[in-house]
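*Asks:*
Residue numbers (the working numbering): -1 to 78.
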């Protein structure tokens, strides 16, 4: 039971760290559209772009590998 809780904890922490780093990188490399218009001409509704489910899936798989490796590493250290 302890092994499963440890794996879940490592997965949650790794996923959270990867999400934060991904958000920081996306924010750092974002280049806004510089079309300045008058405030009266701004639309009242906001159109959001399309989202992809590939990026969160990739991040979760990377977090899964990190969690699995961490648990394996801790298990090997505990045996020795």
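The beta carbon of each residue, even a glycine, is placed where N, CA and C say it ideally should be. Predicted model, so just to flag it, every value in this text is computed and none were measured.
Just to confirm my understanding: we take residue 1, look at its own chain, exclude 5 residues before and 5 after, and list those with CB closer than 8 Å. What are they?
*Replies:* Your numbering for residue 1 matches position 3 in the chain shown. Cβ within range, chain order: 69 and 73.
*Asks:* Tell me which same chain residues have a C-beta within less than 7 Å of the C-beta of residue 62, skipping the five on either side of it?
*Replies:* What you label residue 62 is simply residue 64 of the chain shown in a count that begins at 1. Contacts found: 9.
*Asks:* Quick check on the burial criterion: 16 or more other C-beta atoms within 10 angstroms. Buried or exposed for residue 39?
*Replies:* Reading the chain shown from its first residue, position 41 is the one you call residue 39. Classification for residue 39: exposed.
*Asks:* Would you identify the three-state DSSP class for residue 20, choosing helix, strand or coil?
*Replies:* Reading the chain shown from its first residue, position 22 is the one you call residue 20. Of the three classes helix, strand and coil, the one that applies to residue 20 here is helix, per DSSP.
*Asks:* Does the separation of the CB atoms of residue 64 and residue 12 fall below 7 Å?
*Replies:* Position 66 of the chain shown holds residue 64. Position 14 of the chain shown holds residue 12. Yes; because the gap between Cβ atoms is below 7 Å, this pair is in contact.
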